[in-house]
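Asker: Questions regarding the structure given below will be posed in turn.
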Amino acid sequence: MQELIEAAKSTRAWACYDCGKCTATCPIARVGGHYSPRRHVLATNLGDQRGLVSNGTLFRCLTCSLCDRFCPAEVAYTRLVQKLRELAWREGVEPECPHGGALQSLMRMMARGGTQQDRLGWLTGELKTSPQKGTVFYWTGCTMYYDAFFPEFKLNTLAGSRAAVRLLNRLGVTPVVSPQERCCGHDLLWNGDRQNFELLARHNVKLVADSGAETLVVSCAECLRTWKLDYAPFFEGPPPHAPRGTR
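So the sequence shown is numbered by my numbering: it starts at 25 and just counts up by one.
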């Protein structure tokens, strides 16, 4: 109950006008079914923890933030969903993950450490990188895993990573590409598994800090958002310059 009270305060759920604009703009609600952002806000304000956790709709939200954009009371519904999912996770409720949850399992393995990754196997001889120290850190994300998990789609995401390093080299930069990098934890955070997300966040923030990097270059949009917004509480000193996306 106390957690719901705090969630209502921190997301302004208490200020809900009950006008229904969130539901009217929600792409999930508009295609039918029983999903409604307003119902989640109301249940939070009423302290209905059991209903929120058990009604089966909490993980349908796309977190597209259209409701945040149009809410006249400025309720931060997307952030509320994140908090409610953390609560559901602790109650033993989690979404049905695609691909049998293989990628989520991989993320949790990385969070706990003790596994050896071949993080640098994609680098070719002409690419200049440093495994430990440098002023620029190139964050590769999970590109090598996508190529391994989905060969039938012929994604070749590593071609983009190589192109990013090649571009940095042309600019006279030898970036750090670390064999100790781990998943940023974006999906774990948004599925409610905050414990393993924080393990990844602390490891990754320390890894970049120890490298001496002043600038972080990121190719993945999810990694960019995670580093710029969700990792902010984990910096012990000045963070690297605002992450820069590459194309």
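Backbone N, C-alpha and C define an ideal beta-carbon position, used for all residues, glycine too.
Which class does Tyr41 belong to by DSSP, given the choice of helix, strand or coil?
Answerer: Reduced to three states, the DSSP call for Tyr41 is coil.
Asker: At 3 residues or longer, and completely inside the region 93-119: list those beta strand (DSSP E) runs for me, N to C.
Answerer: You should have found no qualifying run.
Asker: Hey, quick one: how far does the alpha helix (DSSP H) through Leu127 stretch, first residue to last?
Answerer: Taken as a continuous stretch (DSSP letters only), the alpha helix (DSSP H) holding Leu127 covers Ala126 to Arg136.
Asker: Quick check on Gly124: buried or exposed, where buried means 16 or more other Cβ atoms within 10 Å of its Cβ?
Answerer: Classification of Gly124: exposed, given that the 10 Å Cβ count is below 16.
Asker: Work out the CA separation of Gly75 and Thr35 for me, nearest whole Å.
Answerer: Rounded to the nearest angstrom, the two C-alpha atoms are 19 Å apart.
Asker: How is Val55 classed by DSSP in three states: helix, strand or coil?
Answerer: Val55 falls in the coil class under three-state DSSP.
Asker: How is Leu212 classed by DSSP in three states: helix, strand or coil?
Answerer: Leu212 falls in the helix class under three-state DSSP.
Asker: Between which two residues does the alpha helix (DSSP H) holding Val241 run?
Answerer: Val241 -> not in any alpha helix (DSSP H); beta strand (DSSP E) instead, spanning Thr239 to Val242.
Asker: Alpha carbons only, please: which of Gly209, Cys166 and Glu260 is nearest the one belonging to Arg136?
Answerer: With distances taken between Cα atoms, Arg136 lies closest to Gly209.
Asker: Which residues share a DSSP beta bridge with Phe161?
Answerer: DSSP lists Val200 and Leu240 as partners of Phe161.
Asker: Does DSSP put Ser60 in a helix, a strand or coil?
Answerer: Here Ser60 sits in coil by DSSP.
Asker: With respect to the alpha helix (DSSP H) encompassing Thr35, which residues constitute its N-terminal and C-terminal limits?
Answerer: It spans Gln26 to Thr35 - the alpha helix (DSSP H) in which Thr35 sits, taken as one unbroken run.
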